[in-house]
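As you go down the protein sequences, you meet chains H and D in turn. Per this note's numbering, residue 1 is the first one in the first sequence, and the count goes up by one each step. Per this note's numbering, residue 1001 is the first one in the second sequence, and the count goes up by one each step. We put the beta carbon where it would ideally sit given N, CA and C, even for glycine. Here the structure is a predicted model, which is why all the values come from computation and not from measurement. Below is one structure, written out as C-alpha cells; the observations come after it.
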Amino acid sequence: ERNARSFNFGAYHTLDTIYSWMDTLVAAHPNLVSKVQIGTSYENRPMYALKFSTGGNKRPAIWIDAGIHAREWVSTASAVWMADKMATDYGVDPSVTSLLGQMDVYLSIVTNPDGYVYTHTSDRMWRKTRSVNTGSVCRGVDPNRNWDAGFGGPGASKNPCSDSYHGPHAHSEIEVKNVVDLVQSHGNFKAFISVHAYSQLLMYPYGYSCTSVPHQAELDSVGRSAVQALSSLYGTSYKVGSICKIIYQASGGSIDWSYDIGIKYSFAFELRDTGRYGFLLPANQIIPTASETWLGLKHIMEYVRDHPY
Amino acid sequence: HKLFIGDQVLRINAESEEHIQLLKELEDDEGWELDFWTHPASTDLPVDIHVPFASLHAVKNFLQAHKIPFHVMINNLQELLDEEQEGVELNAMQ
C-alpha cells in the first residue's frame, strides 16, 4: 500500500489504509497535493482534507466531502479514486490543469472517521457520529442534520436513538464544527459539494424549506448538465432537484448551511446503486461509480471556475 | 460485530399518496426496529427498508394487507456483508 501504483482502488479499505494511502498520494505529487489536518474527531482521530493547490494564498476554492454518513462506503471509496484522478490528470487533462491553475480544491475523504471505523469493527449499518448523548443509552448524531441551517426543524429527529437525530445544538458534532471552522476561516470557498450514497440524485438547497433558493434556475441548469456528463459514461439515470422537492424536507443539512453563508454552488450527490445493493454496493462497482461521478463533479467544478462571483 | 442473519431489505414502490402515508406510519413505529435506507416521500422514488428477521413476517403482512407492492432487494443481509468483509480482508492481505 506504500506504493500508489499498487493501491487497489476497486476495493473497500479501512481508515488506516486510506490515511496511509493519502501520504503516498502526497508523496507522489508534492507540488500539488498536501494533507491538511482540519481537526480531530470525537474519538480523537485526525480529520484530514487533501488540498489540491498550485500556489497562491486563499485562492477561490472548492470544498468536497465524502463519507459524512459512515455506512455510505462507496462515497468514500469514490473519493479516494477521484483524489488520485485529479492528481494524475493535472498537467494531462487541460480542464483539470486549468481548474487547478485558478482554484484550490479541498477534498475530505472520510468526513466521519469514528463512524467509518465503527462500520468496520462493530456495525456495518452505522450512519451517525459516535458521540455520547447525555441521558440516553443511544450514541451518535446524524452529522447531516447538525448544521446551522433550519436546525431542529422538519425532517430531523429529536430522539437520540434515531438515525436522523439532529444533536443537542447546531455544530455540536466536532466533525461538523471542524468543517465549519475551516470553511469560515478560509473565507473564499465558491462551491461546497457533499458526496453521499445511494439513490442517484444530484441535489441543491434547500432541504429545510421547500421554497426555491434565489439561484434555483442556475443551480438546476448546472445540475442537469452535470448529470448529462455523468450519464454519458454508462447511462446511469439521475434525478436533479432541490433536496426538499426530490426527496423530503430535511433540516440541518450541510449544503443548506453552505448556501446560506454565501456559497452559491452548493450541491449534494447521492451516488449510484443498481437497485439491488443499497449501501452494500459490491466493490467491483466502485471504479465505475467513481468514474461517472467524476464526470459530473468535473462539470460542476468547470462551471464554478468559469463563473466567478 | 453486529450480525444481520436473515434480515432482508425490501424495495417498495408506492403507487399512491395513501401508500406514502402508510409507509410514514411504519417509519414512526419503533417497535419493529426498521431501518429506512430510503424514505417515503413520493411515488417517484422507491422506499428501501432494512427489516430485521424478527419483524419480517409482520412487515410483509402489513404491506400485503394494504396492497403496497414490494420485492425483496436483499434476501439475507448477512450473506452480502460476509462477502464484502471477505473482500476487505483479502485485499488487506494482498
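Take the alpha-carbon of leucine 201/H and the one of serine 231/H: they are about 12 Å apart. With contact defined as three or more Cβ pairs closer than 8 Å, the region 78-91 of chain H and the region 131-144 of chain H are not in contact. Of all residues in the region 5-36 of chain H, those with a C-beta nearer than 8 Å to a C-beta of chain D are Asn8, Ala11, Tyr12, His13, Thr14, Thr17, reading in chain order. Look at leucine 280/H here: in three-state DSSP terms it is helix. Neighbourhood of valine 1051/D in chain H, by CB distance below 7 Å: empty, with the nearest CB roughly 12 Å away. Interface with chain H (8 Å Cβ-Cβ cutoff): histidine 1019/D is excluded.
Here DSSP, grouped into helix, strand and coil, assigns methionine 1093/D to helix.
The C-beta distance from threonine 289/H to arginine 272/H rounds to 5 Å, short enough to fall under 8 Å.
As the crow flies, the alpha-carbon of serine 212/H is around 12 Å from that of tyrosine 259/H. With fewer than 16 neighbouring CB atoms inside 10 Å of its own CB, proline 46/H falls in the exposed class. CA-to-CA, the gap between methionine 1093/D and leucine 1022/D works out to about 47 Å. With the rule of 3 Cβ pairs closer than 8 Å, the region 66-84 of chain H counts as touching the region 279-288 of chain H. Ranked by how close their Cα comes to the Cα of phenylalanine 1004/D, the residues Asp1035/D, Asp1029/D, Leu1026/D, Asp1028/D have Asp1035/D in first place. By alpha-carbon distance to lysine 190/H, the top candidate from Pro308/H, Lys298/H, Gly101/H is Pro308/H. As DSSP reads the structure, glycine 39/H sits in a beta bridge with Met47/H. The Cβ atoms of valine 105/H and alanine 61/H lie closer than 8 Å to each other. About 21 Å separates the Cβ atoms of tryptophan 126/H and glycine 135/H, ruling out a contact at the 8 Å cut-off. Per the Cβ contact rule, the region 1063-1083 of chain D is not in contact with the region 286-304 of chain H (fewer than 3 Cβ pairs under 8 Å).
Listed in chain order, the positions of the region 1026-1046 of chain D with a beta carbon within less than 9 Å of a beta carbon of chain H are Glu1030, Asp1035, Phe1036, Trp1037, Thr1038, His1039, Pro1040, Ala1041, Ser1042, Asp1044, Leu1045, Pro1046. With a threshold of 8 Å between beta carbons, glutamate 1084/D makes contact with chain H. Put simply, of Trp1037/D, Gln1085/D, Leu1045/D the residue whose alpha carbon is nearest the alpha carbon of aspartate 163/H is Trp1037/D. At a C-beta separation below 8 Å, methionine 125/H has these neighbours in chain D: Lys1002, Phe1004, Asp1035, His1050. If you compare the alpha carbons of Asp1028/D, Leu1010/D, Glu1030/D, Pro1046/D with that of serine 1016/D, the shortest gap goes to Pro1046/D. Taking C-beta atoms under 8 Å as the contact rule, alanine 83/H and leucine 25/H qualify, at a distance of about 6 Å. DSSP places leucine 201/H within a strand segment (E or B) once states are collapsed to three. Residue contact with chain H for leucine 1081/D: present (Cβ-Cβ distance below 8 Å to some residue of chain H).
With contacts defined as CB atoms closer than 8 Å, methionine 203/H and phenylalanine 151/H fail to qualify as a contacting pair.
Contact with chain D is found for isoleucine 247/H, since one of that chain's Cβ atoms lies less than 8 Å from the residue's Cβ.
Between alanine 283/H and chain D, the shortest Cβ-Cβ separation is below 8 Å.
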